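Read through the structure below, which is laid out as structure tokens, and then see the notes.
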Amino acid sequence: GKKEDRAGATIVERLEQLGVACSGTTVVPDEPEQIATQVRAWAGEDLDLVLTTGGTGLSPRDRT
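First residue of the sequence shown: 23, per my numbering; consecutive thereafter.
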């Protein structure tokens, strides 16, 4: 199922309170190739910082 990304929203809120401009959040499926593809896409953008956070819970398939 799909779960709400509360951690990402909290991180953005805290960073913005500190005056950091955030371009947004992205939820990526727990699949190694999709994670790698997204990280490579961010690397090709004009970003000063990329933060990642783990998934919504622990499971045998967890890659984050």
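Every residue, glycine too, gets a C-beta built ideally from N, C-alpha and C. Since the model is a prediction, treat every value here as computed from it, not as a measurement.
- In the structure shown, the three-state DSSP call for L37 is helix.
- Counting only residues of its own chain and dropping the five nearest sequence neighbours on each side, V34 has a CB closer than 7 Å to the CB of C44, T47.
- Collapsing the DSSP output to three states places T32 in a helix.
- Going by beta carbons, V50 and D27 fall outside the 7 Å limit.
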